[in-house]
Amino acid sequence: MLSEGGSFMKGMVMGGLFCLLLSLLGSFRPGTESKTEDHHHHHVKAPSKDELTRLSDSRVQELSNQVRVSCVIMVQPKVLVYWATALDTWSKHCDKAVFYTSESSKALEAIDLNEKDDWARLRKALTHAYENAGGLQWFFVAQATTFAIIENLKYLVLAKDPSEPFYLGNVMKSGELEYVTYDSGIVLSYEALKRLVHVFQDEDKCPERGRALWKMSEDKQLAVCLKYTGVFAENGEDAHGKGLFNSKGVNSLISESMKNNPNNVVEGCCSDMAVTFSGMSPNQMQVMMFGVYRLRPYGHDFHDSLVFNPPENSDND
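According to mature numbering (1 follows the signal peptide of the UniProt record, and there is no 0), the sequence shown holds residues -34 to -1, 1 to 283 in order.
What follows is the structure, given as structure tokens:
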């Protein structure tokens, strides 16, 4: 009886330990990503038109002149067509656009970081952007496969203070970690980037070569390092609470809305002030460029209270 009882107790203990192990693994499983209502991140909203009307004309003009964006665009020769498309389309609207590559290409100009590891390459690019900020206070980190509307990004951060640690985008959750997704674009204020570059020097908190049992994606690595500096992911939204950073293209979002919101397709699709779209082909990006910047109904006047002037000497649309 004692032998049977001992075996039973051993089984109970082993079973309990196994369940605990599964629970721990489940909470840190890197592949589990989902939006959740039980979140802790903040929601950063773009100003409403009513808020803008309460500002004086001089203040509005001052803000529009102050908000300038440095675009950190990560490219590789294997996505050369996307690289060329980003160069020819949305990146022209950045106040400063620098392409960072894993290896040099004779076709297009970029800073060759001579680094194959994705996370190490991103660290080097962000450090270079910080050291060469040239007075710019907002940093937009994107892959060449992302399409961005920089003026809408400027509108989102218009009244935000870049000396505060903002880390914005499309927030997702993996286990207990909330992070901004890389494919939708990542926005960092000067203060957030400053803290990030400093923590890069601490190998215990932010190792260049990950020590985890599994390799974490760059966006999760970034969130982990930023958490050590007291900077947390914040979801970028319009005044109505709609997300501004999209991990899908317009065609996919409209198709989903036609299925889920057949009586109100446009409202159910995307925000009027969307900042990014992803998952589109280079040709679709060119079409987006036409629709966003060139197509205008004749005789229709636009009365936006803000004007974001193009970068000096740029050939943007």
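Positions of the beta carbon are idealized from the N, C-alpha and C atoms, including for glycine.
Coil, strand or helix - residue i by DSSP
| i | result |
| --- | --- |
| H266 | coil |
| H59 | helix |
| I116 | helix |
| N201 | strand |
| L(-13) | Low local confidence applies: a pLDDT of 34 at L(-13) is under 50, so the model's placement there is unreliable, with the coordinate-based value given in what follows. Three-state result, L(-13): helix. |
| S155 | strand |
| T242 | strand |
| P276 | coil |
| F166 | coil |
| K171 | coil |
| residue 289 | Lying before the first or after the last residue shown, residue 289 is absent from the chain, which here runs from -34 to 283. |
| G234 | helix |
| K11 | strand |
| Y96 | helix |
| L192 | helix |
| L134 | strand |
| D281 | coil |
Same chain, Cβ closer than 6 Å to residue i, neighbours up to 5 away in sequence not counted
| i | result |
| --- | --- |
| K120 | V33 and F274 |
| L261 | none |
| residue 287 | No answer is possible for residue 287: it lies beyond the span of the chain, which begins at -34 and ends at 283. |
| S129 | E157 |
| T112 | G151, T242 and S244 |
| Q109 | M40 |
| K93 | It is Thr, not Lys, that sits at residue 93 in the sequence shown. Closer than 6 Å at Cβ, skipping near neighbours: V163. |
| H5 | Any reading at H5 needs caution, since the residue's pLDDT is 40, under 50, leaving its predicted position unreliable; the model's value is listed next. Taken in chain order, the list of residues that qualify is empty. |
| T2 | Residue confidence for T2 is low, a pLDDT of 37 falling below 50, so the modelled location carries little weight and cannot support an answer. |
| K72 | none |
| Y96 | L159 and V163 |
Span of the beta strand (DSSP E), counted from its first residue to its last, around residue i
| i | result |
| --- | --- |
| M138 | V137 to S140 |
| S183 | No beta strand (DSSP E) contains S183, which DSSP labels as neither H nor E. |
| L124 | First-last for L124: undefined, no H or E at that position. |
| Q109 | W104 to Q109 |
| K225 | First-last for K225: V216 to N226, but that is the alpha helix (DSSP H), not the beta strand (DSSP E). |
Among the options, the one whose alpha carbon lies nearest that of residue i
| i | options | result |
| --- | --- | --- |
| G202 | C235, L122, S221 and S155 | L122 |
| K82 | Y66, L74 and A95 | Y66 |
| D281 | S57, V26 and T19 | S57 |
| A76 | A240, V241, F198 and C37 | C37 |
| V41 | R87, E17, V26 and Q27 | R87 |
| K160 | A50, N80, L188 and P131 | P131 |
| V197 | D23, K208 and L154 | L154 |
| Q250 | A12, L272, S218 and G100 | S218 |
| N80 | L272, P43, M255 and A12 | P43 |
| Y145 | G100, C191, K181 and A73 | C191 |
| N98 | P277, N279, V64 and Y259 | V64 |
| G207 | P276, V253, S237 and L188 | S237 |
| L74 | V45, Y96 and P276 | V45 |
| M246 | D16, L188 and D149 | D149 |
| Q252 | H266, G215 and K126 | G215 |
| P276 | N31, V26 and A12 | N31 |
Neighbourhood of residue i by C-beta, 7 Å cutoff - its chain only, sequence neighbours within 5 removed
| i | result |
| --- | --- |
| V47 | P248 |
| D78 | T67, E69 and S70 |
| Y194 | V165, K171 and C172 |
| D54 | none |
| R89 | F166 and E174 |
| T147 | G135, N136, M138, D185 and S213 |
| A240 | I115, N118, L210 and N212 |
| A91 | V38, M40, Y66 and L79 |
| V(-22) | Residue placement at V(-22) is flagged as unreliable, the pLDDT there being 38, under the threshold of 50; the coordinate-derived value follows with that caveat. None. |
| A52 | I39 and A110 |
| V258 | I115 |
| N226 | G234 |
| M8 | In the sequence on display, residue 8 carries His and not Met. Closer than 7 Å at the Cβ level, and outside the excluded window around H8, lie E200. |
Residue i: first and last residue of the uninterrupted alpha helix (DSSP H) it sits in
| i | result |
| --- | --- |
| L143 | Unbroken run through L143 is the beta strand (DSSP E), L143 to V146; no alpha helix (DSSP H). |
Sequence-distant residues of the same chain with beta carbon closer than 8 Å to residue i, five excluded per side
| i | result |
| --- | --- |
| V231 | I220, S223 and M224 |
| D170 | none |
| residue 284 | There is no way to answer for residue 284, as the model of the chain reaches only from -34 to 283. |
| L21 | L29 |
| V35 | C60, D61, K62, L102, W104, F105, F106, I116, L119 and K120 |
| S14 | A205 |
| E278 | none |
| S24 | none |
(message) So within the stretch 30 to 80, which uninterrupted beta strand (DSSP E) runs reach at least 3 residues, ignoring any that extend past its ends?
(response) 35 to 41 and 62 to 67
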